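Visitor:
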Amino acid sequence: MDVRFAMSFSEDSATPAAPFTGDGSVFDQPDVVFNLPTTSERVVDTQSGFLLVIRRLGDRLAMTCKRRVGTPPSSAILLTPDETIKLSRALSASVSAADEAAESGRFSTGGRRRMAFNPPTNSRRAGVLTRLRKPALGLLAFAILGGSFATGLTIGRAMSASPKQVVAAAAAIDPLSSEGIDKFTRIFVGEMLDFNPETYKRSQIQAMSAMAPDLLEKYWKETNFPLAAAQLKTLPQASTVIIDTIDQQLEGKDTASVVVSAQIVRADAKLGSAVKLKLKLGLNKDGAIQVLEQQDLASGQN
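For the sequence shown, the numbering used here begins at 231 and goes up steadily by one.
1) Out of I411, A306, L287, G288, which has the shortest C-alpha to C-alpha gap to K296?
2) Could you tell me how far apart the beta carbons of L282 and L317 are, in whole angstroms, since I believe they sit closer than 8 Å?
3) How far does the alpha helix (DSSP H) with L446 in it extend, from its first residue to its last?
4) Starting from I435, trace the alpha helix (DSSP H) both ways and give me its first and last residue.
5) Tell me the DSSP secondary structure of F280 in three-state form.
6) Between which two residues does the alpha helix (DSSP H) holding R416 run?
7) Kindly confirm or deny that the region 410-427 and the region 437-444 touch, where touching means at least three C-beta pairs closer than 8 Å.
8) In the DSSP assignment, what residue or residues form a beta bridge with Q479?
9) When DSSP labels each residue in this structure, what does D516 get in the three-state scheme?
10) Residues bridged to A492 by DSSP?
11) Tell me, please, whether the region 486-494 touches the region 446-455 by the rule of three or more beta-carbon pairs shorter than 8 Å.
12) Cα-Cα, which of T475, Y430, D275 is closest to L465?
13) Would you report the Cα separation of P405 and T314, rounded to the nearest angstrom?
14) What residue does the beta strand (DSSP E) around L291 start on, and which one ends it?
15) Using the Cα positions of A323 and V299, report the straight-line distance between them to the nearest angstrom.
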C-alpha cells in the first residue's frame, strides 16, 4: 500500500505570542484539598533542613519545627524569599480559616488567592507589603519559637553533661591549679629572661604586665627599662631559656610559692648560666595569676 501525505506551507509570518498576564482566575477557585474537614495543618519545607508545620488548635495556631536527618542541631532556620512568602501565605490562610471555622466548623480556604506572575513594579511591591502586614504577627511568633527551640537545645545539652565533664570544667577554671601554675611560670620566666634584640621589648612588657603594681615599679627601676642598644649587647643574646624544674607549693587559698631552676644557654657557649628564682604568686582582681614577689636565689637579691 502506497501512502502519501500532502503538506502545504504558508508564507505569512508567525503571530507573536501574547504577553503573560498572570494565572487569571485558575487559582481563585476553592481548594478542594484544603476545604476538607480533615485538613488542619500546613507545611513549609525549607532548604536549610527544617520543616515548619502550622497546625490549628481550636481558635489558636501552633507552629512546630522538625529537623531533617543530617541537619546540625545548632543550625539556624534560614528562609529564602520564596519560603518567606510561602510561610506568610500559610499563616494568613490559617488565620482566615480559623475565623471561618469558628462559624462553620471547617478549616476553609475560601477566598484565598495566589500571586500572579507579573514583572516587578513598585505597585506590585506595595501590594506585597499590604498582604504581608497581617502575617507579620505570625512571623514574630515564628522568631520567638526559633529562639525557644535553640534555648531548649542548649539547656538539654547542659543537663545531659556527665558529672565528670562538669568537674573537669570546674578544675580547668582554677588558675592556681598545678597545671595553671606550671604554664604561667614557664611563660613568665621565659619572657623575663629574653634579651634578644628582636624580641626584648615585647617580652619585657609581657613579663611586667603579669607583675603586681609594687613589684612592677621596683622591677622597672632596677632594670632601667628599656635598655639602650649598647647595654643590650652586654647581655646574653641569641640565647635560649631552658627550665629544668618548677617546685610549687600552695601557701593559702589565693597564693602559691614557686622555685624555678633554669639555664640560659647561648649559641656560642657550651655551658649555660644557671638561674634560680623564687616567685610568690597570687590572683589579681580579675582572678588571673600575677607575681607578687620575686627573689634571685642564685645571687641572694630580692
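Glycine included, each C-beta is placed from N, C-alpha and C at the ideal position.
Because the structure is a prediction, the values reported are computed rather than measured.
Guide: Looking at the atomic coordinates:
1) The shortest C-alpha to C-alpha distance from K296 to any of I411, A306, L287, G288 is the one to A306.
2) So it is a contact: roughly 6 Å between Cβ atoms.
3) L446: member of the alpha helix (DSSP H) spanning 443-453, first to last residue.
4) It spans 430-439 - the alpha helix (DSSP H) in which I435 sits, taken as one unbroken run.
5) Here F280 sits in strand by DSSP.
6) Start and end: 408-422.
7) Yes, they touch.
8) DSSP, once it has assigned bridges, lists S487 as partnering Q479.
9) Reduced to three states, the DSSP call for D516 is coil.
10) Residue pairing of A492 in beta bridges, as defined by DSSP: I473, V505.
11) As far as the Cβ criterion goes, the region 486-494 does not touch the region 446-455, which means the pair count is below three.
12) It is Y430.
13) Rounded to whole angstroms, P405 to T314 spans 49 Å at the Cα level.
14) First-last of the beta strand (DSSP E) with L291: 290-297.
15) Those two C-alpha atoms are separated by around 29 Å.
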